[in-house]
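*Asks:* Dropping the structure in here first, questions after.
Protein chains: 6
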Amino acid sequence: MLLHVVNPNTTASMTEKIASAARAIAGSETEIFATQPMSGPASIEGYFDEAFAVPGMLQRVSEAEARGASGHIIACFDDTGLDAARCVARAPVVGIGEAAFHIASLIAGRFSVVTTLGRSIPIIEHNLVRYGLASRCAGVRAAEVPVLDLEKPGSNARERISQEIERAKSSDACEAIVLGCAGMADLAAELAKLHGLPVIDGVSAAVALLQSVARLGLTTSKIGGYAQPRPKAFTGMFAHLSG
Amino acid sequence: MLLHVVNPNTTASMTEKIASAARAIAGSETEIFATQPMSGPASIEGYFDEAFAVPGMLQRVSEAEARGASGHIIACFDDTGLDAARCVARAPVVGIGEAAFHIASLIAGRFSVVTTLGRSIPIIEHNLVRYGLASRCAGVRAAEVPVLDLEKPGSNARERISQEIERAKSSDACEAIVLGCAGMADLAAELAKLHGLPVIDGVSAAVALLQSVARLGLTTSKIGGYAQPRPKAFTGMFAHLSG
Amino acid sequence: MLLHVVNPNTTASMTEKIASAARAIAGSETEIFATQPMSGPASIEGYFDEAFAVPGMLQRVSEAEARGASGHIIACFDDTGLDAARCVARAPVVGIGEAAFHIASLIAGRFSVVTTLGRSIPIIEHNLVRYGLASRCAGVRAAEVPVLDLEKPGSNARERISQEIERAKSSDACEAIVLGCAGMADLAAELAKLHGLPVIDGVSAAVALLQSVARLGLTTSKIGGYAQPRPKAFTGMFAHLSG
Amino acid sequence: MLLHVVNPNTTASMTEKIASAARAIAGSETEIFATQPMSGPASIEGYFDEAFAVPGMLQRVSEAEARGASGHIIACFDDTGLDAARCVARAPVVGIGEAAFHIASLIAGRFSVVTTLGRSIPIIEHNLVRYGLASRCAGVRAAEVPVLDLEKPGSNARERISQEIERAKSSDACEAIVLGCAGMADLAAELAKLHGLPVIDGVSAAVALLQSVARLGLTTSKIGGYAQPRPKAFTGMFAHLSG
Amino acid sequence: MLLHVVNPNTTASMTEKIASAARAIAGSETEIFATQPMSGPASIEGYFDEAFAVPGMLQRVSEAEARGASGHIIACFDDTGLDAARCVARAPVVGIGEAAFHIASLIAGRFSVVTTLGRSIPIIEHNLVRYGLASRCAGVRAAEVPVLDLEKPGSNARERISQEIERAKSSDACEAIVLGCAGMADLAAELAKLHGLPVIDGVSAAVALLQSVARLGLTTSKIGGYAQPRPKAFTGMFAHLSG
Amino acid sequence: MLLHVVNPNTTASMTEKIASAARAIAGSETEIFATQPMSGPASIEGYFDEAFAVPGMLQRVSEAEARGASGHIIACFDDTGLDAARCVARAPVVGIGEAAFHIASLIAGRFSVVTTLGRSIPIIEHNLVRYGLASRCAGVRAAEVPVLDLEKPGSNARERISQEIERAKSSDACEAIVLGCAGMADLAAELAKLHGLPVIDGVSAAVALLQSVARLGLTTSKIGGYAQPRPKAFTGMFAHLSG
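Residue numbers (numbering that gives the first Met the number 0), protein chains in the order written: chain A, 0 to 242; chain B, 0 to 242; chain C, 0 to 242; chain D, 0 to 242; chain E, 0 to 242; chain F, 0 to 242.
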């Protein structure tokens, strides 16, 4: 099985970390290939960054479809461009935020999310409402750690995330924690042990879920909202999409 | 990986069909063992039958835990006794209804459910509300086929289910179909081809999902609602549970 | 009028206390008879205990129907097995949790619930969502008092419940308190006086409500989810239910 | 027990019919006295009529409090002025719409409402949302019968209501019917027999419920939204309320 | 454009303050005329006061319709009698609470409300639910300032409101503040500057919104809930409404 | 007042029609300038087209901010890129879908939406849920008219839209109609007259609303989700955004 993981930002070290986390869970029969867009922001922190990450990410999804990928993972916790990617792909597409919410719902009554910056909280809350899983979420919290600090060896990112988990445990009556950034993929196991409850990383959750969907032979529905895009004229830097 | 599938009713032919559907998706590295309760109803059609299926089913979950199962599947679409099973088990537990809803949510904006009897509709609707996925469901419909008719060669069960799928497509604006009974496991592929949209069977969905959760090393949270049962006195036919 | 109160646990002292609370409110024209299951747990604390309380409780409901009861009260605040009991009975069935929520909604804009253990909170919250009354509930709180401590003369149960009511008043903006356990039936009046707001006990609320429904000549609807169970084979310890 | 039933409109024949329905259910130990406002509309059909019914109705509630009533019933299905009445009264106050919804929720999974005119549908739907019981309601339907036609011997009101019940049964998957007007109080028993499902009349439901609340010794919470009105200056025709 | 602003209470100084706030935003092409009822309470603090404010207010709306008003503003934050006013008027009617909620939703993801007294909180919360905007509201808070204290030069009203805004900012994660009383119209600009986030006053919001609706040539729908009142007999002090 | 209207697609004739509709409502004191992106699709029909419309649209918003615009209108009914635009702009930003929903909520209890293609229905439904106004919407319907057919003189677009309005009136119990595409701006008045209920066009609604917000002196909150984008590196075709 060939799975495509696209990191929607352009920071290569983060793409590598994500690919590594994906391969760690994928097993020997699944080949993972990881991409990042040619164009876009170095990190995704809020609605503005998302807007410029999506076009380049969709191109990677198209290329991966052509290459025969059995599925696509969008490795940003905001599930950036997820709906548009489902229009492009016939193979299933899973966002890491979405994946983490679904997996958490299978092992806990309710979970809290600990993400990077406060400005991402409304995005995550909107996604939860759209997915239907808002009622399973006990709280979305920010450790106020910029995304790329997660890549810096000396930062106190891990400590601040751990403190926010502690607050979630005592205030939210949550039964599990979801880590709200692809860049936190390497922290889940350690934090689970430290805090004594399940801690879910979206990257590995998405790989495992996507393997499930692919093994089931299911593909994205092409009736309704995810129907193939209608051919039409595109202008300017997107003129190549005209069809 | 050793996975336990428990059919909460006592009809052996249905347990076999379920085991067979589970093995078909599980792959060679996963061993499936299927059980059914010693005591209980021959089929589960409504709240009353559920009540008598659960004690025997929980015993099977306990035994399978002792045998080292990496996970448990409750193979009744009502997800009979799911919460209680999560209290008993440390390994993850997935119901086939729940599994189908989560998987459908990954490949379609909204799905309809086609189940056996009208009396099961409120149960399924309640589950959807509790799981949080009611907003993803475009309708729960009954083909008015008794569960055990699915086991009878000459019944028109398949035809009535297919007709109800047709109605769901035209009336519900659904993008995928979830089959609402473990006994429909063998119909999904054929109906998907016939109707031109994804058709999801809960048994295979649950196996695939549970493999994912188990591979992620995640277990049921023991904080909150699914905490280990408190030891206490039990009386009568359940006296052996005293602890 | 003959009303049946079933305590779903097997602790006789609690059955007596419940019967006594029921008789105190019922008046002279209503005869109360109280039962408890032959089999099951000594107290109901969470999903697991519920599962083993229900079969024995349903038998008591069947027997009471045969005896001509005009209605049934399920005297556990989790409303254990309420839906299944409604399938068995033609007479109306009321759970004490449900009863307390409905009564509280008639005299206050919003109420808080104070129950025994944290593990019961998700059960109560699920019930509130299903009944539709979650929006009327300002909070479900646990005093962390095991159920049977309510039966022990020297325990500090009453004090801890009172403290939790104080917290609910100051934090939840609640206008009334619902006591979340059948074993708290004797505390309501005193706590209402102490805290200066209505305090509702489910047992008496259920008796009063059930008298209302019975006097109205209304019985459980037999269309839909509460239809008479379909006759079928039962096995093992439930073989006597085959029909 | 002395119960006050106020018909918020000024049609004496309707007040009598309501009083009669109330007495039929109340039993010999409860004295019912029925009132109607000095000022206001002859029937309540929509928001405008409600506005002019409330002041006169609140005066009746005040007078009945002074007379020692143990409770008040607002006998208009829109529950006209219910919140304001709760501010005035220390005794419990129940609206007939509200009462019917609560009682229906105890004997059926979901109910449909059949009311008089389409313009009342949004009022009833708003009430259901506020009470929290919207999820229990399968549909609010209008028979398009003006309120006072229910008082006219030769009208086809009963027939049109019966037809709408038939439509509700076939389209709404409802398990019970709530009659949506005080003037329909005399039709419930007959329609229940005809259609084979519980049919709930709000007037008798409210009497029975209010007897329950009163017997429980519960009164309207005076913390929060239903606190005693603050004394202040009133002008013009309401100058007598200054305090 | 001629706009009618009705202050539903009878305090002339407040009517003047509201008129002044309305004129300040209206611009030279819009003529504002402000009224107050002949009968009713000096301030509106809770459900009871509302009930006696509405009849007099509806008369002002009728008179203003006859005078050719292009729209009506109900200048009480509870949107007292809004639905009834829409039945009376063909011109659009906007409540200041409603207006503030809609405007806040256009410039912020979520807003908190700071109102006068705690007893108004449930009214405002009910309105938010009915309008559909409850999910946009992060909290409704009371500064515990009686309405008429806002008119008293020496009161500490402004300070207490400012403190409550501070609490909302730190606890609610709100992005804007809505002032919950017509009498706070003169404080918005100053508090916005002080607290560094948008602060919305309902009076000016309603004027601006109503100008929009009127300029669009839109009038209140006369299909459904806001249809013209049916002619009928009225009695007593409302006998003049008979038609 | 200088208002910026951006048509997110690249079809010049549609930009002109939108500008013309905007100027017709704006009045003489407001200058409207209309733009369209340099790059992107000729029409927006679904999630995929949206993704490629947003970057070019955000550039127009930035340029218009620099030019001193008092507000921005996003003239696609999907409110394409609305959240990202609010991050870029200090001036208020209003989407035409959002504007139409808010205006409709002020003159009708509930409204139905008639849009172009079925694939846009889920997008519109998601927006309604996020805005909080889903409960005010009686149905989202597609006339199955491609967007650019609205620009073609000989198409039967107008007729099909009118037919769908007829269906909405008879099936949805709606009290007003919202036209679900910027390209329908010229049809509203005529359809309102034909069908006898308010018909709201988003373009004019947005202009009128934005004038309101601007006149109120309110700007987009810069606390929370709409905070100024954090400066960071951008790559490839978006490298000019690095800061």
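We treat Cβ as the ideally placed atom computed from N, Cα and C, and that holds for glycine. Please read these numbers as outputs of a predicted model, since none were measured by experiment.
Note down, in chain order, every chain F residue with its Cβ under 7 Å from the Cβ of S220 (chain E).
*Replies:* The count along the fifth sequence starts at 1 and reaches residue 220 (chain E) at position 221. Simply I106, A107, E174, A175, L196 and P197.
*Asks:* Relative to the ligand MN, is the shortest distance from any of its heavy atoms to the C-beta of C180 (chain E) smaller than 7 Å?
*Replies:* As far as ligands go, the structure on display features none, and thus does not contain the ligand MN.
*Asks:* If you measure from the beta carbon of P36 (chain A) to each beta carbon in chain E, is any gap under 8 Å?
*Replies:* Your numbering for residue 36 (chain A) matches position 37 in the first sequence. Closer than 8 Å: no.
*Asks:* Using a Cβ-Cβ cutoff of less than 8 Å, which residues in the same chain neighbour L2 (chain B) once the five nearest sequence positions on both sides are dropped?
*Replies:* Translated into positions along the second sequence, residue 2 (chain B) becomes position 3. So the qualifying residues of the chain are A21, A25, T29, E30, I31, F32, A68, S69, G70, H71, I72, V206, L209, Q210 and A213.
*Asks:* Considering only their Cβ atoms, is the gap separating I123 (chain D) from V139 (chain D) smaller than 8 Å?
*Replies:* Position 140 of the fourth sequence, counted from the start, is the residue given in the question as residue 139 (chain D). Position 124 of the fourth sequence, counted from the start, is the residue given in the question as residue 123 (chain D). Closer than 8 Å, so yes.
*Asks:* Just confirm the distance between the C-beta atoms of G179 (chain A) and T115 (chain A), as a whole number of angstroms; I'd bet it's less than 8 Å.
*Replies:* For the purposes of this step, residue 179 (chain A) is taken as the residue at position 180 of the first sequence. For the purposes of this step, residue 115 (chain A) is taken as the residue at position 116 of the first sequence. Right, the Cβ-Cβ distance comes to about 7 Å (below 8 Å), so this counts as a contact.
*Asks:* Answer yes or no: does any C-beta atom of chain F fall closer than 8 Å to that of G39 (chain A)?
*Replies:* One-based indexing of the first sequence puts residue 39 (chain A) at position 40. Closer than 8 Å: yes.
*Asks:* Alpha carbon to alpha carbon, how far is Q35 (chain C) from A11 (chain C)? Give it in angstroms, no decimals.
*Replies:* Here residue 11 (chain C) corresponds to residue number 12 of the third sequence, with the count starting at 1. Here residue 35 (chain C) corresponds to residue number 36 of the third sequence, with the count starting at 1. In a straight line, the C-alpha of A11 (chain C) is about 8 Å away from that of Q35 (chain C).
*Asks:* Roughly how far, in whole angstroms, is the beta-carbon of A191 (chain B) from the beta-carbon of A107 (chain B), given that I think they are within contact range, below 8 Å?
*Replies:* Taking the first residue of the second sequence as position 1, residue 191 (chain B) is located at position 192. Taking the first residue of the second sequence as position 1, residue 107 (chain B) is located at position 108. Rounded, the Cβ-Cβ distance is 12 Å, inconsistent with contact.
*Asks:* Does any CB atom of chain G fall closer than 8 Å to the CB of A63 (chain C)?
*Replies:* Of the protein chains in this structure, namely A, B, C, D, E and F, none is chain G.
*Asks:* Taking the continuous beta strand (DSSP E) assigned at F32 (chain A), which residues delimit it?
*Replies:* Against the first sequence, residue 32 (chain A) aligns to sequence position 33. Where F32 (chain A) is concerned, the enclosing beta strand (DSSP E) stretches over E30 to T34.
*Asks:* On the criterion of 16 or more Cβ atoms from any shown chain inside 10 Å, does G195 (chain C) qualify as buried, or is it exposed?
*Replies:* What you label residue 195 (chain C) is simply residue 196 of the third sequence in a count that begins at 1. It counts as exposed.
*Asks:* In terms of DSSP beta bridges, what is G179 (chain B) paired with?
*Replies:* As a first step, residue 179 (chain B) must be located in the second sequence, where it is residue number 180. Bridge partners of G179 (chain B): B:T114.
*Asks:* Could you say which of F:R109, F:Y225 and F:L127 lies nearest to S170 (chain F) if we only look at CA atoms?
*Replies:* As a working mapping, residue 170 (chain F) is identified with position 171 in the sixth sequence. Measuring from the Cα of S170 (chain F), the nearest candidate turns out to be F:R109.
*Asks:* Could you say which of D:I120, D:Y130 and D:R135 lies nearest to E44 (chain D) if we only look at CA atoms?
*Replies:* Sequence index remark: in the fourth sequence, residue 44 (chain D) carries index 45 (1-based). For E44 (chain D), the nearest C-alpha among the options comes from D:I120.
*Asks:* Looking only at DSSP bridge pairs, what is D200 (chain C) linked to?
*Replies:* Start at 1 with the first residue of the third sequence, and residue 200 (chain C) comes out as number 201. Answer by DSSP bridge pairing, in chain order: C:L178.
*Asks:* When you compare the CB positions of I199 (chain F) and A74 (chain F), do they come within less than 8 Å of one another, or not?
*Replies:* Residue 199 (chain F) sits at position 200 when you count from the first residue of the sixth sequence. Residue 74 (chain F) sits at position 75 when you count from the first residue of the sixth sequence. Not a contact, by the Cβ cut-off of 8 Å.
*Asks:* Name, please, each residue of chain C whose Cβ falls closer than 9 Å to the Cβ of S42 (chain B).
*Replies:* What you label residue 42 (chain B) is simply residue 43 of the second sequence in a count that begins at 1. Result: R229, K231 and A232.
*Asks:* If you draw a straight line from the C-alpha of R157 (chain A) to the C-alpha of V53 (chain A), how long is it?
*Replies:* Residue numbering aside, residue 157 (chain A) sits at position 158 when the first sequence is read from its first letter. Residue numbering aside, residue 53 (chain A) sits at position 54 when the first sequence is read from its first letter. Answer to the nearest angstrom: the Cα atoms are 28 Å apart.
*Asks:* At a cut of 8 Å, does the segment 48-65 of chain B reach the segment 218-229 of chain A through at least three beta carbon pairs?
*Replies:* Taking 8 Å as the limit for Cβ pairs, the verdict is that the segment 218-229 of chain A does not touch the segment 48-65 of chain B.
*Asks:* Report the residues of the segment 197-215 of chain B with a CB closer than 8 Å to any CB of chain A, ordered along the chain.
*Replies:* Of all residues in the segment 197-215 of chain B, P197, I199, S203, A204, A207, L208, Q210, S211, V212, R214 and L215 have a Cβ within less than 8 Å of some Cβ in chain A.
*Asks:* For G242 (chain C), which residues in the same chain have their Cβ closer than 6 Å to its Cβ, ignoring the five residues on either side in sequence?
*Replies:* Locating residue 242 (chain C) in the third sequence gives position 243, counting from the first residue. Contacts found: P230.
*Asks:* In angstroms with no decimal places, state the Cα-to-Cα distance between L57 (chain B) and R118 (chain B).
*Replies:* Here residue 57 (chain B) corresponds to residue number 58 of the second sequence, with the count starting at 1. Here residue 118 (chain B) corresponds to residue number 119 of the second sequence, with the count starting at 1. Their backbone Cα atoms lie some 24 Å apart in a straight line.
*Asks:* Determine the chain E residues that contact M236 (chain D) at a beta-carbon separation under 7 Å, and present them in chain order.
*Replies:* In the fourth sequence, counting from the first residue as 1, residue 236 (chain D) sits at position 237. Per Cβ cutoff of 7 Å: S38 and M236.
*Asks:* Can a CB atom of chain D be found closer than 8 Å to the CB of V252 (chain C)?
*Replies:* Any property of residue 252 (chain C) remains undetermined from this structure, which presents chain C solely from 0 to 242.
*Asks:* What whole-angstrom Cβ distance do F237 (chain B) and A83 (chain C) have, given they're in contact under 8 Å?
*Replies:* Within the second sequence, numbered from 1, the residue matching residue 237 (chain B) stands at position 238. Within the third sequence, numbered from 1, the residue matching residue 83 (chain C) stands at position 84. Actually they are not in contact, since the Cβ atoms of F237 (chain B) and A83 (chain C) sit about 17 Å apart, beyond 8 Å.
*Asks:* Excluding the 5 residues preceding and the 5 following M183 (chain F) in the sequence, name in chain order all residues of the same chain whose CB lies nearer than 7 Å to its CB.
*Replies:* Taking the first residue of the sixth sequence as 1, we reach residue 183 (chain F) at position 184. L149, I160 and D200.
*Asks:* Could you tell me the alpha carbon to alpha carbon distance between S38 (chain E) and T234 (chain D), rounded to whole angstroms?
*Replies:* Position 39 of the fifth sequence holds residue 38 (chain E). Position 235 of the fourth sequence holds residue 234 (chain D). Their backbone Cα atoms lie some 5 Å apart in a straight line.
*Asks:* Is it right to say R59 (chain C) is buried, meaning 16 or more other beta carbons lie within 10 angstroms of its own, or is it exposed?
*Replies:* Position 60 of the third sequence, counted from the start, is the residue given in the question as residue 59 (chain C). Classification for R59 (chain C): buried.
*Asks:* Entirely within the segment 75-108 of chain F and at least 3 residues each: give me those beta strand (DSSP E) ranges in chain order.
*Replies:* The segment 75-108 of chain F contains these whole beta strand (DSSP E) runs: 92-94.
*Asks:* When the Cα atoms are used, what is the spatial distance from N126 (chain D) to N155 (chain A)?
*Replies:* Start at 1 with the first residue of the fourth sequence, and residue 126 (chain D) comes out as number 127. Start at 1 with the first residue of the first sequence, and residue 155 (chain A) comes out as number 156. Near 52 Å, if we compare the C-alpha coordinates of N155 (chain A) and N126 (chain D).
*Asks:* Counting along the chain, where does the beta strand (DSSP E) carrying H3 (chain F) start and finish?
*Replies:* Locating residue 3 (chain F) in the sixth sequence gives position 4, where the first residue counts as 1. Its beta strand (DSSP E) spans residues L1 to V5.
*Asks:* Does L132 (chain D) come within less than 8 Å of chain C when only Cβ atoms are used?
*Replies:* For the purposes of this step, residue 132 (chain D) is taken as the residue at position 133 of the fourth sequence. By this cut-off, L132 (chain D) is an interface position.
*Asks:* Run through DSSP, which three-state label would I72 (chain D) get?
*Replies:* In the fourth sequence, residue 72 (chain D) corresponds to position 73, counting from 1. Three-state DSSP puts I72 (chain D) in a strand.
*Asks:* Between I102 (chain D) and chain E, is the shortest Cβ-Cβ distance under 8 Å, so that the two count as touching?
*Replies:* The sequence position of residue 102 (chain D) within the fourth sequence is 103, counting from 1. Taking Cβ atoms only, chain E never reaches closer than 8 Å to I102 (chain D), which makes this a no.
*Asks:* Answer with yes or no whether the minimum CB distance from P245 (chain B) to chain D is below 8 Å.
*Replies:* Beyond the ends of chain B as shown, which are 0 and 242, falls residue 245 (chain B); an answer cannot be given.
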